[in-house]
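Residue numbers (my numbering): 1267 to 1369.
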């Protein structure tokens, strides 16, 4: 074995980099954190309601919970894509047209 100074564990400085990267990405596409929050809330609600699921089997309850959580994430991603397409293909050409008219 060689005694190199390479650490396999993340250092404190790198963790700050990950946090700033997450914040930057959240500002670029705000619907991703919304999807994650929806996913977490559906899972939390499903776990809370697990005791009062009534006659329903546990596996069916988990399947319903998974489908609802995936629906939140896919819905947020779809809204995010539609919003970015709106900005790219509607707002940006309109601003370029207005800039040309005001020259």
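Built from N, CA and C at the ideal position, the CB exists for glycine as well.
{"Asked": "I need the DSSP call for residue 1363, collapsed to helix, strand or coil.", "Found": "helix"}
{"Asked": "I'd like the list of long-range same chain contacts for residue 1448, defined as Cβ closer than 7 angstroms, with 5 residues on each side in sequence excluded.", "Found": "Nothing in the structure corresponds to residue 1448, since the chain is present only between 1267 and 1369."}
{"Asked": "Determine the DSSP secondary structure at residue 1278, reduced to helix, strand or coil.", "Found": "In this predicted model, residue 1278 has a pLDDT of only 48, less than 50, meaning its place in the structure is not dependable; the value taken from the coordinates is given anyway. Residue 1278: helix per DSSP, three-state reduction."}
{"Asked": "Give me, in chain order, the residues of the same chain whose beta-carbon lies closer than 6 angstroms to that of residue 1292; leave out the 5 immediate sequence neighbours on both sides.", "Found": "1299"}
{"Asked": "Short of 6 angstroms in beta carbon distance, which residues of its chain neighbour residue 1360, apart from the five on each side in sequence? Order them along the chain.", "Found": "none"}
{"Asked": "Under the three-state reduction of DSSP, which class applies to residue 1350: helix, strand or coil?", "Found": "helix"}
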